[in-house]
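Residue numbers (the numbering used here): 69 to 432.
Glycine is no exception: its CB is placed at the ideal position from the N, C-alpha and C atoms.
Everything on this sheet refers to the single structure shown next.
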């Protein structure tokens, strides 16, 4: 009977290597987890910074040519201009809200604030007409009693308003940080592009990873042109019609139309009630002209998308559009760009896989 062969040295070496590998992998995983927790608050500003840099870099490059090749100065000027465009309207809006609230408070304390009485039509509004009419009438007759009776609801509304304003200020601050990051990306565009290229090559190899950086930039610009750009065009055309005819609340309606257009929802959801209002409050001829203008503005995306979507990138327009819409549903505005980029990369990977010849199959 032959003795059983054992290799204790090999088993010991295998166990030692396995334990060391497990410890090293665990340490790397722990470092990745801690790093993610540390940089998580900055991920959204970093993503927005990259998107803004991609969108604004052509302007920076043009300005760089005017300044004799001083890219850092051009990037700084563009960044400062964008920050002012963002901050100044927010400051004016905040100051106007504070001024209005102070004026209302002073008039309320002095007893000078008078609420006009409601129309009889208010009582016939569906569901809430009678309640609104009753509260409105009470506020018209005795404002102090109306405030006392509705105090709990008013406190809740005030708390929600304060929370919304606070969140809005935080969003503005984070967007300012994103603009500063975008300025850094634009100032060091060559280094940023080289780093992104090397990262994608490490992740996906020279082929197809080497093309991913350019594809991401082209995809983001395609979404900016084909989704956001068209939405801005639609909202601008609709705003021209709203302000020209004098529709009340035109800025609010324009903002809603812009939101629907970015979300790829039909603008008729907002435009239809406005058209009904136009025919009921204006003469027939202006109302018809206004209707034609708003309809043309609403359907303008059908012939603008084929012209703007997918320019400069060899990804089919439906793929980019599907990624943008799905990304926005999943992750909000930032998903509008991230979804299109992710779907574009997967499309490239799928095509690369489909073009490979399986082992044993004769290539025709």
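Residue i and residue j closer than 8 Å at C-beta
i, j, result
"residue 340", "residue 326", "no"
"residue 154", "residue 243", "yes"
"residue 183", "residue 201", "no"
"residue 287", "residue 408", "yes"
"residue 147", "residue 251", "yes"
"residue 291", "residue 392", "yes"
"residue 112", "residue 320", "no"
"residue 295", "residue 404", "yes"
"residue 131", "residue 142", "yes"
"residue 376", "residue 297", "yes"
"residue 289", "residue 122", "yes"
"residue 213", "residue 206", "yes"
"residue 452", "residue 115", "Look at the range of the chain in this structure, 69 to 432, and you will see that residue 452 is not part of it."
"residue 56", "residue 140", "Residue 56 lies beyond the range of the chain shown here (69 to 432); nothing can be said about it."
"residue 301", "residue 233", "no"
"residue 333", "residue 362", "no"
"residue 120", "residue 246", "yes"
Nearest residue (CA-CA) to residue i, options the options
i, options, result
"residue 382", "337, 285, 319", "285"
"residue 293", "415, 277, 374, 85", "374"
"residue 386", "160, 213, 218, 412", "412"
"residue 309", "344, 98, 359", "359"
"residue 351", "319, 314, 120", "314"
"residue 329", "366, 418, 399, 145", "366"
"residue 268", "223, 298, 417, 390", "417"
"residue 240", "228, 162, 185", "162"
"residue 410", "422, 394, 400, 420", "394"
"residue 159", "368, 237, 173, 421", "237"
"residue 335", "307, 166, 355", "307"
"residue 277", "104, 136, 415, 108", "415"
"residue 279", "235, 354, 83, 420", "420"
"residue 370", "100, 106, 299, 218", "299"
Residue range of the alpha helix (DSSP H) that includes residue i
i, result
"residue 293", "It is not in any alpha helix (DSSP H) - residue 293 carries neither H nor E in the DSSP assignment."
"residue 343", "336-349"
"residue 415", "401-423"
"residue 252", "219-255"
"residue 206", "197-209"
Collapsed DSSP secondary structure at residue i in the structure displayed
i, result
"residue 162", "helix"
"residue 69", "Because the pLDDT of residue 69 is 47, which lies under 50, any placement of that residue in the model is unreliable, and the number read from its coordinates should be weighed accordingly. Of the three classes helix, strand and coil, the one that applies to residue 69 here is coil, per DSSP."
"residue 117", "helix"
"residue 333", "coil"
"residue 368", "coil"
"residue 383", "coil"
"residue 135", "coil"
"residue 183", "coil"
"residue 442", "Since the displayed the chain opens at 69 and closes at 432, residue 442 lies outside it and no answer follows."
"residue 272", "helix"
"residue 317", "coil"
"residue 377", "coil"
"residue 81", "helix"
"residue 157", "helix"
Assumed close pair residue i, residue j - CB separation to whole angstroms, cut-off 8 Å
i, j, result
"residue 323", "residue 396", "17 Å between Cβ atoms; not a contact."
"residue 220", "residue 204", "Their Cβ separation, rounded to whole angstroms, is 18 Å, which puts residue 220 and residue 204 out of contact at 8 Å."
"residue 257", "residue 125", "6 Å"
"residue 368", "residue 305", "7 Å"
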